[in-house]
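Trainee: Let me begin by handing over the structure; questions about it come next.
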Amino acid sequence: MSKTPAGLAIAVVAAFSFGTSGAFVKPMLEAGWSPAAGVTARALVGGVILLPIALLAVRGNWSGVWRARWRILAMGLIGVAGCQLMYFAAIARIPVSSAILVEYLAPLLLVGFVWATTRRMPKVVVLIGSVVSVVGLAMVVSPGKGTSLDSLGLIFAGLAAIGCAIYYVIVGHPSDDLPPVALAAFGLLVGGTALGLVGLAGVVPFVATFDTVPVLGSPVPWWVPLALLGVIGTALAYFTSITASGMLGSRLASFAGLLEVVAAAAYAWVLLGEAMTVPQLLGARSSWWASPSFAAKRLSPTSCWSLAAISSSPHRQSRPR
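This is the structure in structure tokens:
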């Protein structure tokens, strides 16, 4: 029985969980938190939450953890610390919706990378879906007339896109018998610890404030958005994303992840009062159709990314039983 429907359902949960991060962290950044401090706190909270579950899932199989050490390290340093630091730095300078749109050009980077390295053109349905998704996402997050975006913010968002693409390659790699929850927990702890040490050493600005933070127009304790960010936007998001990527492979999971942009815009509407216009709603509908709808048309294993020399047959990935 195909795992694609279940994988897509989990990927949708991951997208809507990840989509909360911008709305939760933006008030913290505006209250004085630096991006590095925000990512560190987010990663460590999420990692600590998942750690007990990860230890139970590993069941003493530390040889599997050791075999996956480079994957865990790459997940922590690139998929968590690098990617999220660039994203948080971007949303400190440009709107959340614009930053997330640029970051989620990652699936197109994957399409282009595989096309260039394998010299095999993706199927027409993938190319059409790519174009429809980008057009729809642009409609969702396009700035209003007369609005300009900060150039450095766009550069940070572009770097986040590269990190996001690498993240999907990492989590779509064969598991080496490492449970998804273990990869999520250990990767978050590695990334949070590494970034925290870099921040404390003064390499990057590292500032955290403990005053009240405005949420929905009312001041709340600083730990409220951090707790929501850690539980929903980090622990749940990374666990479900890694699980979905193991079932779908890098490409399908990354395209399903495009729904994060729609989710982020919706959360900004509800939590930050940024109402969506009719064109934005139409764009959200287009993106919603393009990502899971065309991805759900099961592609043959030979056409579904053998990411030469980087991962081997993500659709055949072994998972813990």
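Residue numbers for the sequence shown follow the working numbering, beginning at 8 and rising by one. We treat Cβ as the ideally placed atom computed from N, Cα and C, and that holds for glycine.
(1) Rounded to the nearest angstrom, what separates L236 and D157 at their Cα positions?
(2) Kindly list the residues whose CB is nearer than 8 Å to the CB of L223, restricted to its own chain and excluding five residues on each side of it in sequence; keep chain order.
(3) Quick check on the DSSP output: the alpha helix (DSSP H) that includes V72 runs from which residue to which?
(4) If I measure Cβ to Cβ from A21 and keep anything under 6 Å in the same chain, skipping five residues before and after, which residues do I get?
(5) Can you list, in chain order, the residues of its chain whose CB lies under 8 Å from that of R78, leaving out five sequence neighbours each side?
(6) Chain D beta carbons: is any one of them nearer than 8 Å to that of S28?
(7) How is V19 classed by DSSP in three states: helix, strand or coil?
(8) Can you tell me where the beta strand (DSSP E) with V222 in it begins and where it stops?
(9) Using beta-carbon positions only, say whether V103 and G53 come within less than 8 Å of one another.
(10) Less than 8 Å between the C-beta atoms of L166 and I101, yes or no?
(11) Taking three-plus beta-carbon pairs below 8 Å as touching, is the stretch 259-276 in contact with the stretch 10-20?
(12) Hey, out of E110, A263, L289 and T124, whose CA is closest to C171's CA?
(13) Taking 8 Å as the limit between beta carbons, can you name the residues of its chain near P232, skipping five residues before and five after?
(14) Assign V121 to one of two classes, buried (16 or more other C-beta atoms within 10 Å of its C-beta) or exposed (fewer than that).
(15) Using a Cβ-Cβ cutoff of less than 7 Å, which residues in the same chain neighbour P228 once the five nearest sequence positions on both sides are dropped?
(16) What residue from A61, A43 and C90 has the CA that sits closest to F193's CA?
(17) Determine whether the beta carbon atoms of F213 and A43 lie at a separation below 8 Å.
(18) In or out: P226 buried (at least 16 other Cβ within 10 Å) or exposed?
(19) Let me know the secondary structure DSSP gives K304 once reduced to three states.
(20) Near A88, what residues of its chain come up, given a Cβ to Cβ distance below 6 Å and the 5 sequence neighbours on each side ignored?
(21) Should W69 go down as buried or exposed, given a rule of 16 or more other Cβ atoms within 10 Å for buried?
(22) So what's V227 in DSSP terms, helix, strand or just coil?
(23) Give me, in chain order, the residues of the same chain whose beta-carbon lies closer than 7 Å to that of I239; leave out the 5 immediate sequence neighbours on both sides.
(24) For L112, which of helix, strand or coil comes out of DSSP?
(25) May I have the straight-line CA-CA distance separating V132 from V139, to the nearest angstrom?
(26) Report all residues from its chain with a CB closer than 6 Å to the CB of A81; omit the five preceding and five following residues, and keep chain order.
(27) Can you give me the C-alpha to C-alpha distance between A145 and S105, rounded to a whole angstrom?
(28) Near I85, what residues of its chain come up, given a Cβ to Cβ distance below 6 Å and the 5 sequence neighbours on each side ignored?
(29) Once DSSP output is grouped into helix, strand and coil, what is the label at P212?
(30) Hey, out of G83, R66 and G67, whose CA is closest to L51's CA?
(31) Mapping the DSSP letters down to three states, classify R127 as helix, strand or coil.
(32) Less than 8 Å separating the beta-carbons of T47 and G209?
Mentor: Per the coordinate set shown:
(1) Rounded to the nearest whole angstrom, the CA to CA distance from L236 to D157 is 25 Å.
(2) For L223, the CB contacts under 8 Å within the same chain, skipping 5 residues up- and downstream, are L278 in chain order.
(3) For V72, the enclosing alpha helix (DSSP H) starts and ends at W69 to R74.
(4) Hits under 6 Å: A244, T247, S248 and A251.
(5) The beta carbon of R78 sits closer than 8 Å to those of I177, H180, D183, L185 and L190, all from its chain and outside the five residues before and after it, given in chain order.
(6) Within the model displayed, chain D is absent; a lone protein chain is all it includes.
(7) V19: helix per DSSP, three-state reduction.
(8) That run of the beta strand (DSSP E) goes V220 to V222.
(9) If you check the CB distance, V103 and G53 do not come in under 8 Å.
(10) No, the Cβ-Cβ distance between L166 and I101 is not below 8 Å.
(11) By the Cβ test, the stretch 259-276 is in contact with the stretch 10-20, since at least three Cβ pairs between them sit closer than 8 Å.
(12) Closest in C-alpha terms to C171, from the list E110, A263, L289 and T124, comes E110.
(13) Correct list, in chain order: F31, V32, P34, M35, V220 and V222.
(14) Its Cβ being crowded by 16 or more others within 10 Å, V121 is buried.
(15) So the qualifying residues of the chain are T219.
(16) That would be A61, whose Cα lies nearest to the Cα of F193.
(17) Taking 8 Å as the Cβ cut-off, F213 and A43 qualify as a contacting pair.
(18) Result: exposed.
(19) Per-residue confidence for K304 stands at a pLDDT of 47, beneath the threshold of 50, marking its modelled position as unreliable; no derived number is given.
(20) For A88, where only same-chain residues beyond five positions count, the Cβ hits under 6 Å are G198, A201 and L202.
(21) Its Cβ having fewer than 16 others within 10 Å, W69 is exposed.
(22) Note: V227 maps to strand in three-state DSSP.
(23) Closer than 7 Å at Cβ, skipping near neighbours: S24 and T27.
(24) If DSSP states are grouped into helix, strand and coil, L112 belongs with coil.
(25) Between V132 and V139, the alpha-carbon positions lie close to 10 Å from each other.
(26) Excluding residues within five positions, the ones whose Cβ falls inside 6 Å are I177.
(27) So the two alpha carbons sit approximately 9 Å from each other.
(28) Spatial neighbours of I85 in its own chain (CB-CB distance under 6 Å, excluding positions within 5 residues in sequence) are listed in chain order as G170 and I173.
(29) DSSP places P212 in coil when its eight states are reduced to three.
(30) It is G83 whose Cα lies nearest to the Cα of L51.
(31) If DSSP states are grouped into helix, strand and coil, R127 belongs with coil.
(32) T47 is not a Cβ neighbour of G209, given a cutoff of 8 Å.
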